[in-house]
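Numbering (the working numbering), first residue to last: -8 to 188. Cβ atoms here follow ideal geometry from the backbone N, Cα and C, with glycine treated the same way. Heads up: the structure comes next, in structure tokens.
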Amino acid sequence: MIRSFTTLWTVIITIFIGFAGCAQKPQASIALEPFEPNPAVYQKSGTIYLAAVKDIRKNRGVVGKIIKAGKIVTTVTISQPVDRWFQESIIKALKVEGCNVTTKKSANPKIAKITILIDRLGATLNRDELTKENLEATARVTLLIEQGNKKITKHVGLTQKKWVPPFTSEQSIQEYLQETLESLVESVREHIDAYRF
């Protein structure tokens, strides 16, 4: 009886150390899945000129971190340019509802010129928090809109938090960042809708 109890504890401790050991790799890489917009309920006409989507974050390759004992134990990087993913996604989101998106300058001054700057993007998994929200994802962009004589700047952002098992991997960061970015794309699309011509 004592031997089987000792064996059980040995197995549990080994599994626990295995999970903890796997989680301590200093760097992990993730990739975003292609964005697939929901079918549009209403079709909207109009055209916008998407001049550029730029990732202006200082460290563009880093999108997350895993914290343990108050220190960063894993830095999460991304294997693709975020600005390219965002540009492809916003074009898909606009086109699915009938908007014509051009990436070439228009001679018509009424067609809005839109530049999207990615200001913030990141997720933090805090393994020190065992029972409360321990995964946070933030994404924010700045929209620079020029239409006729008007110049408008809009900040559109989203922060989400939830609880995940503390020893989960960077896969949770990938999934949550994906969800956050997709919600941000939809929000940006709604802001752009007002400037169609």
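- Contact between the stretch 167 to 176 and the stretch 71 to 82 is present, with at least three C-beta pairs closer than 8 angstroms.
- Annotated as distal: E161 and I58, with beta-carbon spacing of 7 angstroms or more.
- When DSSP reads this structure, R111 sits in a beta bridge with R131.
- Straight across, the Cα-Cα distance linking T150 with T93 is about 30 angstroms.
- Burial state of S36 is exposed, judged by a 10 Å Cβ sphere holding fewer than 16 other Cβ atoms.
- Excluding residues up to 5 positions away in sequence, T65, V67, E161 lie with their Cβ nearer than 6 angstroms to the Cβ of A19 in the same chain.
- In terms of CA proximity to I39, L135 leads the group K123, L135, N29, V54.
- In this structure, the beta-carbon distance from K104 to A42 falls below 7 angstroms.
- Excluding the 5 residues flanking it on each side, T144 has same chain C-beta neighbours closer than 8 angstroms at T133, L134, L135, I136, in chain order.
- Taking all protein chains shown into account, G55 has 16 or more neighbouring C-beta atoms within 10 Å of its C-beta and is therefore buried.
- Residue burial is scored here from C-beta neighbours: V32 has fewer than 16 other C-beta atoms within 10 angstroms and is therefore classed as exposed.
- Taking the Cβ atoms as the reference, V176 lies roughly 19 angstroms from S70, outside the contact range of under 8 angstroms.
- Note on geometry: alpha-carbon atoms of K141 and W154 lie some 43 angstroms from one another.
- I109 counts as buried, since at least 16 other C-beta atoms from the protein chains shown sit within 10 angstroms of its C-beta.
- Taking Q138 as the centre and dropping the five residues before and after it, the same chain places the C-beta of A103, Y186 closer than 6 angstroms to its C-beta, in chain order.
- Taking the C-beta atoms as reference points, Q34 is found nearer than 7 angstroms to G89.
- Counted as a single uninterrupted DSSP element, the alpha helix (DSSP H) harbouring S178 occupies residues 161 to 184.
- For V73, the three-state secondary structure derived from DSSP is helix.
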